[in-house]
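Going by this note's numbering, the sequence shown opens with residue 128, and the numbers climb by one from there.
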Amino acid sequence: MTINQLDDGLKTLIKQHKNYQKRPLIIYSAVWPFLKIMKGKKNKIILDIFKVLTNLRSKNQDLLMPSFGNGYKDGIFNSDNEKSKNGILSEMFRIHPKSERTLSAFFSYNILGPNQKLVSNLKPKNCFGKN
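(1) Do Gly196 and Ser235 come within 8 Å of each other at the CB atom, strictly closer than that value?
(2) Quick check on the burial criterion: 16 or more other C-beta atoms within 10 angstroms. Buried or exposed for Asn248?
(3) Is Leu190 helix, strand or coil by DSSP?
(4) Are three or more beta carbon pairs between the region 211-226 and the region 140-159 nearer than 8 Å?
(5) I'd like the list of long-range same chain contacts for Ile172, defined as Cβ closer than 7 Å, with 5 residues on each side in sequence excluded.
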């Protein structure tokens with residue numbers, strides 16, 4: 128599989144969904160399956176996959192990727208410095224200069240798109256609900 132085949136395949140899959148341009152894209156992905164089937168240098172493949180994923184959205188669409196953390200340390204959650212536990216693609220998205228992270232210490236997401244300020248400023252009171 129080439130990076131162009133991956134790009135074309137993902138775009139085809141997304142376009143099959145009704146009103147796909149009006150819905151946010153939420154990506155849960157691991158890089159190792161791609162590394163098994165793609166030829167080339169590991170770091171270049173990872174960077175190419177990251178570019179494909181971040182370019183999937185239309186300009187009016189939000190892209191979200193989980194960026195779960197380890198919770199609070201000494202009563203503080205530092206969303207800027209807490210690395211993602213969801214793998215290298217998620218960590219690359221977390222440090223992307225235009226993405227923002229939600230304020231959940233345990234189950235945060237990074238978001239890129241027109242609603243990122245709204246979503247990243249939500250203030251959850253309890254990550255597991257009231258009960």
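Each residue gets a CB set at the ideal place from its N, CA and C atoms; glycine is no exception.
Inspection of the coordinates gives the following:
(1) yes
(2) exposed
(3) strand
(4) yes
(5) Phe161, Leu162, Met165
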